[in-house]
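K.L.:
Residue numbers (the working numbering): 1 to 270. By construction, the Cβ of each residue, glycine as well, lies at the ideal position given by its N, Cα and C atoms. All values reported here derive from a predicted model rather than from experimental measurement.
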């Protein structure tokens, strides 16, 4: 018998697990959603709709946070939703699983439910490449909200996000997360990014995820939210620690200092 080649760590890696461990903090999302909704409306939000839900980590954290909360996850791709059922659902009780509903559909398709919060996280709405397309999505999101409802988006920006062939490396527990900025067109703002993972044995999971987006700016998005019918469009800017790095605390701001690489929340108020 010949020697069977040993599989590398990249060969056996689970890209969805690595993604969640690298870029998602769903409990922090839940805290933020609850804080801004409670402050505005004086009550706790109960129904969350997570657009572009992927592995639905936020839906799972949402139903775990209160026994009377429900979540709807919407995504065109059935694969990450199935992964959620086989993996994230293991951390939920039976009654918590029953309070999550999945829909494999376009996020713009009308649905009867009216959520307290509609969320589109991880810059997912950047997939819309024109003002008309993005406005159309925002109108659909507004229609999916209750009369007292908030639409929560996150955004990234800063001149460092425009630099081509720039790779950021972040060491995690047992692997390294690599964010590669492959292409940026200054005329159209079309951009292309890859996520890779590297392991201690030297193997690499290349292009685990690829994104072809339009890099939207905050003024464009706030204007489009208002054009889509939202009564207000608020910006929540991340603070910094003593080293100048993001501290994870987001406060409502009208102005901010220049930052080479920033993260912010935008909130549309119905």
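Ignore the nearest five residues each way along the sequence and tell me which others in residue 73's own chain have a CB closer than 6 Å to its CB.
P.N.:
Against the chain shown, residue 73 aligns to sequence position 73. Excluding residues within five positions, the ones whose Cβ falls inside 6 Å are 50, 53, 56, 59 and 102.
K.L.:
Give me the residue from 110, 70, 161 and 190 with the minimum Cα distance to residue 272.
P.N.:
In this structure the chain extends from 1 to 270, so residue 272 is not present and cannot be described.
K.L.:
How is the beta strand (DSSP E) around residue 193 delimited, first residue to last?
P.N.:
Position 193 of the chain shown, counting from 1, holds the residue named residue 193. Taken as a continuous stretch (DSSP letters only), the beta strand (DSSP E) holding residue 193 covers 190-198.
K.L.:
Residue 113: which of 11, 146 and 94 sits nearest, CA to CA?
P.N.:
The residue given as residue 113 occupies position 113 in the chain shown. Minimum Cα distance to residue 113 is reached at 146.
K.L.:
Who are the near neighbours of residue 175 in its chain, counting only those whose CB is closer than 6 Å to its CB and skipping five residues on each side?
P.N.:
Translated into the one-based positions of the chain shown, residue 175 becomes position 175. These residues qualify, in order along the chain: 197 and 199.
K.L.:
Look at the Cβ atom of residue 48, then the Cβ atom of residue 140, and state whether they are nearer than 9 Å.
P.N.:
Residue 48 sits at position 48 when you count from the first residue of the chain shown. Residue 140 sits at position 140 when you count from the first residue of the chain shown. No, Cβ-Cβ distance for residue 48 and residue 140 is not below 9 Å.
K.L.:
Determine, using beta carbons only, whether residue 28 and residue 239 come nearer to each other than 9 Å.
P.N.:
Numbered from its first residue, the chain shown carries residue 28 at position 28. Numbered from its first residue, the chain shown carries residue 239 at position 239. Cβ atoms of residue 28 and residue 239: not closer than 9 Å.
K.L.:
What residue range is occupied by the uninterrupted alpha helix (DSSP H) comprising residue 33?
P.N.:
Here residue 33 corresponds to residue number 33 of the chain shown, with the count starting at 1. First-last of the alpha helix (DSSP H) with residue 33: 26-41.
K.L.:
Three-state secondary structure (DSSP) at residue 72?
P.N.:
By 1-based counting over the chain shown, the position of residue 72 is 72. It is a strand residue.
K.L.:
Would you grab the beta carbon distance between residue 108 and residue 224 for me? Rounded to a whole angstrom, and I think it's under 8 Å.
P.N.:
On the chain shown, residue 108 is found 108 positions in, with the first residue counted as 1. On the chain shown, residue 224 is found 224 positions in, with the first residue counted as 1. Between residue 224 and residue 108 the Cβ distance is about 14 Å, and since that is not below 8 Å, they are no contact.
K.L.:
Taking only the alpha-carbon atoms, compute the straight-line gap between residue 168 and residue 221 and give it to the nearest angstrom.
P.N.:
For the purposes of this step, residue 168 is taken as residue 168 along the chain shown, with counting starting at 1. For the purposes of this step, residue 221 is taken as residue 221 along the chain shown, with counting starting at 1. Spanning the two alpha carbons is a distance of roughly 26 Å.
K.L.:
Compare the Cα-Cα distances from residue 22 to each of 177, 229 and 269 and report the closest residue.
P.N.:
Stepping through the chain shown from its first residue, residue 22 is reached at position 22. Comparing Cα positions, the closest option is 177.
K.L.:
Exposed or buried, residue 90, counting other C-beta atoms within 10 Å across all chains shown (16 or more means buried)?
P.N.:
As a position in the chain shown, residue 90 is number 90, starting the count at 1. Its Cβ having fewer than 16 others within 10 Å, residue 90 is exposed.
K.L.:
Could you pull out every residue in the same chain whose Cβ sits closer than 6 Å to the Cβ of residue 154, ignoring the five residues on either side in sequence?
P.N.:
Looking up residue 154 in the chain shown gives position 154. Taken in chain order, the residues that qualify are 121 and 265.
K.L.:
For a test of the three-state rule: what should DSSP assign to residue 23, helix, strand or coil?
P.N.:
Along the chain shown, read from residue 1 onward, the residue named residue 23 stands at position 23. Helix, per DSSP.
K.L.:
Can you check whether the CB of residue 152 is closer than 9 Å to the CB of residue 187?
P.N.:
Taking the chain shown and counting its residues from 1, the one referred to as residue 187 is at position 187. Taking the chain shown and counting its residues from 1, the one referred to as residue 152 is at position 152. It is not a contact, given that the beta carbons lie outside the stated cut-off.
K.L.:
Quick one: what does DSSP say residue 252 is sitting in, helix, strand or coil?
P.N.:
Taking the first residue of the chain shown as position 1, residue 252 is located at position 252. Correct three-state label for residue 252: strand.
K.L.:
Counting only the same chain and skipping the five closest in sequence on each side, list residues whose C-beta sits under 7 Å from that of residue 45.
P.N.:
By 1-based counting over the chain shown, the position of residue 45 is 45. Result list for residue 45: 33, 34, 37, 116 and 117, in chain order.
K.L.:
In angstroms, rounded to a whole number, what distance separates the CA positions of residue 63 and residue 254?
P.N.:
Your numbering for residue 63 matches position 63 in the chain shown. Your numbering for residue 254 matches position 254 in the chain shown. Roughly 33 Å between the two C-alpha positions.
K.L.:
Excluding the 5 residues flanking residue 207 on each side, which residues of the same chain have their C-beta closer than 6 Å to its C-beta?
P.N.:
The residue you call residue 207 lines up with position 207 of the chain shown. Cβ neighbours of residue 207 beyond the five flanking positions: 194.
K.L.:
State the beta-bridge partners of residue 102 as determined by DSSP.
P.N.:
What you label residue 102 is simply residue 102 of the chain shown in a count that begins at 1. Residue 102 pairs with 73.
K.L.:
Whole angstroms are fine: how far does the CA of residue 87 sit from the CA of residue 1?
P.N.:
Against the chain shown, residue 1 aligns to sequence position 1. Against the chain shown, residue 87 aligns to sequence position 87. Note that residue 1 scores a pLDDT of 48, beneath 50, so its modelled location is shaky and nothing firm can be said.
K.L.:
Tell me, please, which residues DSSP counts as bridged to residue 214.
P.N.:
Position 214 of the chain shown holds residue 214. In the DSSP output, where bridge partners are listed per residue, residue 214 has 190.
K.L.:
Whole angstroms is fine: what's the gap from residue 173's alpha carbon to residue 226's?
P.N.:
Within the chain shown, the letter at position 173 stands for residue 173. Within the chain shown, the letter at position 226 stands for residue 226. C-alpha separation (whole angstroms): 42 Å.
K.L.:
Between residue 270 and residue 142, how many whole angstroms is the CB-CB distance? I'm expecting something under 8 Å.
P.N.:
Within the chain shown, the letter at position 270 stands for residue 270. Within the chain shown, the letter at position 142 stands for residue 142. Yes, they are in contact, since the Cβ atoms of residue 270 and residue 142 sit about 6 Å apart, within 8 Å.
K.L.:
Cβ atoms of residue 212 and residue 127: under 9 Å apart, would you say?
P.N.:
Position 127 of the chain shown, counted from the first residue, corresponds to residue 127. Position 212 of the chain shown, counted from the first residue, corresponds to residue 212. Taking 9 Å as the Cβ cut-off, residue 127 and residue 212 qualify as a contacting pair.
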